[in-house]
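Worksheet for the structure shown next.
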Amino acid sequence: MSEKNLVVSVFDTHPEAEDAIKELQKAGFDMKKLSVVGKDYQTDEHVVGYYNTGDRVKYWGKLGAFWGGLWGFLFGSAFFFIPGIGPLVVGGPLVTWIIGALEGAAIIGGLNAFGAALYSMGIPKDSILKYETSLKSDKFLLIAHGTLEEVEKAKKIIEAANSVESSLHSA
Numbered sequence: 018m019s020e021k022n023l024v025v026s027v028f029d030t031h032p033e034a035e036d037a038i039k040e041l042q043k044a045g046f047d048m049k050k051l052s053v054v055g056k057d058y059q060t061d062e063h064v065v066g067y068y069n070t071g072d073r074v075k076y077w078g079k080l081g082a083f084w085g086g087l088w089g090f091l092f093g094s095a096f097f098f099i100p101g102i103g104p105l106v107v108g109g110p111l112v113t114w115i116i117g118a119l120e121g122a123a124i125i126g127g128l129n130a131f132g133a134a135l136y137s138m139g140i141p142k143d144s145i146l147k148y149e150t151s152l153k154s155d156k157f158l159l160i161a162h163g164t165l166e167e168v169e170k171a172k173k174i175i176e177a178a179n180s181v182e183s184s185l186h187s188a
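The sequence shown: position 23 = 40 (the numbering used here), numbered continuously.
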């Protein structure tokens, strides 16, 4: 991904994140430029499963309906266990960045694979720690990638959709 302009937004709940995604879709934002990250914090209480058979992805668990509804929009999906954060479900281009960090052993200065992926996208370390803390607190991250103009427009739409916080990071 050559465009390192992005907006990272934090949401308290998955319905709020989903509403923002729907608003971005209505506005014509390219859904392949969105990533969503959330912690699967109920794995000890609910049976969780995840599989991908070509273009079809199925996810079971407490938030299965939320994730299942997003897989059709987003490009790429994965379930990771990140030490220090726990189990994460990730959808969108961020999956490729995390895999790149894992395969290339690009773990940067004490950051885990998730943090290294964010860092390689151009997000400063202090912001990465803030986003990791949000995930540990069971919040959801929505990341929109694109040109500076695209992410500025996305930020306005996301802020109107009840994000707790939205930050623009540009190349």
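Note that CB positions come from ideal geometry on N, CA and C, so glycine has one too.
| Query | Result |
| --- | --- |
| Ignore the nearest five residues each way along the sequence and tell me which others in Pro100's own chain have a CB closer than 8 Å to its CB. | Asn129 |
| Decide if Pro141 is buried, meaning its Cβ has at least 16 other Cβ atoms within 10 Å, or exposed. | exposed |
| Can you give me the start and stop residues for the beta strand (DSSP E) that Leu23 sits inside? | Asn22 to Phe28 |
| Which of the three DSSP states, helix, strand or coil, is assigned to Lys172? | helix |
| Please name the residue or residues paired with Phe131 in a DSSP beta bridge. | Phe131 pairs with nothing; no bridge assigned. |
| Around the Cβ of Val25, are there at least 16 other Cβ atoms within 10 angstroms (buried) or fewer (exposed)? | buried |
| Can the beta-carbon of Ala171 be found less than 9 Å from the beta-carbon of Ala161? | yes |
| Below 8 Å, can you find three or more Cβ-Cβ pairs linking the region 102–111 to the region 37–55? | yes |
| Can you give me the start and stop residues for the alpha helix (DSSP H) that Lys142 sits inside? | Lys142 to Lys153 |
| In chain order, what residues of the same chain have a beta carbon less than 8 Å from the beta carbon of Glu40, not counting five sequence neighbours either side? | Ile174, Ile175, Ala177 and Ala178 |
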